[in-house]
Each structure stands twice: as C-alpha cells, then as structure tokens.
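Enquirer: Numbering (this note's numbering), first residue to last: 1095 to 1233.
For every residue, glycine included, the Cβ atom is placed at its ideal position computed from N, Cα and C.
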Amino acid sequence: YEKNITDAVGRSLDQQTKPKWLQYGESNDIFVCLPLSDNHADDCWNRAIVVEDAFSACAIANYGYGIALRGTNLLQSAITTLQKFNNIILALDFDATRKAIDMASTVRSLVSGSSVRTVILKQDLKYLNTEQVKEVLFR
C-alpha cells in the first residue's frame, strides 16, 4: 500500500493446528489489500472496507481497499488511513456487530466528509465467493 513491508500474517489450514493465526514481525498495524479492479474510475478506488482479518480484506478486494484491523480495535493508523477515502464500509464479523456499530460512530466523528455505513454479517467474508461478497456488501 505505501510500499513498506513490515511483517506477515498467516492462518493454519486445518482446525487442529494451534495457534490458528501466526504473525511474523513486530508491527501491530493494519493490513491493507489493494483493489483488484484496474479501472481507476471505478468507485472501488475511493472505498475502504474495514474487516477484522487479512483473508477477509483480500476477499473483498474486488470492491475496494480491504482494511484489516487484525482484531476489532480501531487503531490510530486505521483512522489515518480511512481519512483518505470518501466511502467507508465497516464489516466486522457477526460476533462484533455491536462494536462495528459503535466504531461507525467513532469513524464518522473522526473522518469528516466520508460516507460511513455498517454491514451486519451473517457469514464470514473470507468464506464467500465474489458474487456472495457483492450481495452482502451492497444489498
């Protein structure tokens, strides 16, 4: 995103392996997945979709910048990044719905001039195909 590689994150491929997630590096910063669209006139280049994990950020990359919080805490680095976008969608996992709604209020107060909305997820985005992701984000 800003051409700085700070660390890496990975997930186990089976449910028996622990830890489920592993991070390499010292950063506790956000993860940004660039839009996959090569059409720079497309709205996706002005849209940030905030999710919890890197895989979900990549799963939504057809529709905007995937911003993974790597958890559910809104870091200052996330706010600074979100200030660059006109359209912000918060799509945290279902168990963090209340936190996503509260976070939307915080983002609205700190990121002026942007459209901010929350999507309540019933399924984790990383397990959906491209059309299902579109349906969930834009229904």
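#1: Between Ala1142 and Ile1182, which are expected to be in contact by the criterion C-beta below 8 Å, what is the C-beta distance as a whole number of angstroms?
#2: For Thr1224, tell me which candidate among Gln1110, Ala1155 and Asn1140 has the shortest Cα-Cα distance.
#3: Looking at Met1197 and Leu1176, is the spacing between their C-beta atoms short of 7 Å?
#4: Please name the residue in Ile1214, Asn1140 and Arg1192 whose C-alpha comes closest to that of Tyr1157.
#5: Can you pull the DSSP bridge partners for Thr1212?
#6: With a threshold of 6 Å, establish whether the CB of Leu1169 neighbours any heavy atom of the ligand MG.
#7: Out of Gln1226, Ala1172 and Ser1209, which has the shortest C-alpha to C-alpha gap to Gln1217?
#8: For Ile1214, collect the residues of the same chain with a Cβ closer than 8 Å to its Cβ; drop the 5 residues on either side in sequence, then sort them by chain order.
#9: Check this for me: beta carbons of Ser1150 and Leu1219, under 7 Å apart or not?
#10: Throw me the rounded Cβ distance for the Val1145 and Ala1162 pair, which I believe falls under 8 Å.
#11: For Tyr1221, does the three-state DSSP call read helix, strand or coil?
#12: Is Ala1155 helix, strand or coil by DSSP?
#13: Going by DSSP in three states, Ile1173 sits in which element: helix, strand or coil?
#14: Nearest-angstrom Cα distance between Val1201 and Leu1186?
Expert: If we stick to the structure as given:
#1: If you number the sequence shown from 1, residue 1142 lands on position 48. If you number the sequence shown from 1, residue 1182 lands on position 88. At roughly 5 Å, the Cβ-Cβ gap stays under 8 Å, so Ala1142 and Ile1182 are in contact.
#2: The residue given as residue 1224 occupies position 130 in the sequence shown. When each option's Cα is compared against that of Thr1224, the closest is Ala1155.
#3: Here residue 1176 refers to the residue found at position 82 when the sequence shown is read from its first residue. Here residue 1197 refers to the residue found at position 103 when the sequence shown is read from its first residue. Cβ distance not < 7 Å, so Leu1176 and Met1197 don't count as in contact.
#4: Taking the sequence shown and counting its residues from 1, the one referred to as residue 1157 is at position 63. Checking every option, the nearest Cα to that of Tyr1157 belongs to Asn1140.
#5: Position 118 of the sequence shown, counting from 1, holds the residue named residue 1212. Per DSSP, Leu1184.
#6: The model on display carries no ligand, and the ligand MG is accordingly not part of it.
#7: Reading the sequence shown from its first residue, position 123 is the one you call residue 1217. The option with the nearest alpha carbon to Gln1217 is Gln1226.
#8: Here residue 1214 is taken as the residue at index 120 of the sequence shown, counted from 1. Excluding residues within five positions, the ones whose Cβ falls inside 8 Å are Phe1188, Thr1191 and Ala1194.
#9: One-based indexing of the sequence shown puts residue 1150 at position 56. One-based indexing of the sequence shown puts residue 1219 at position 125. Taking 7 Å as the cut-off, the beta carbon of Ser1150 is found closer than this to the beta carbon of Leu1219.
#10: For this step, residue 1145 is matched to residue 51 along the sequence shown. For this step, residue 1162 is matched to residue 68 along the sequence shown. Right, their Cβ atoms sit about 6 Å apart.
#11: Position 127 of the sequence shown, counted from the first residue, corresponds to residue 1221. Three-state result, Tyr1221: helix.
#12: Reading the sequence shown from its first residue, position 61 is the one you call residue 1155. Reduced to three states, the DSSP call for Ala1155 is coil.
#13: The sequence position of residue 1173 within the sequence shown is 79, counting from 1. DSSP, reduced to helix, strand and coil, places Ile1173 within a helical segment of the structure shown.
#14: One-based indexing of the sequence shown puts residue 1201 at position 107. One-based indexing of the sequence shown puts residue 1186 at position 92. Cα to Cα, Val1201 sits roughly 14 Å from Leu1186.
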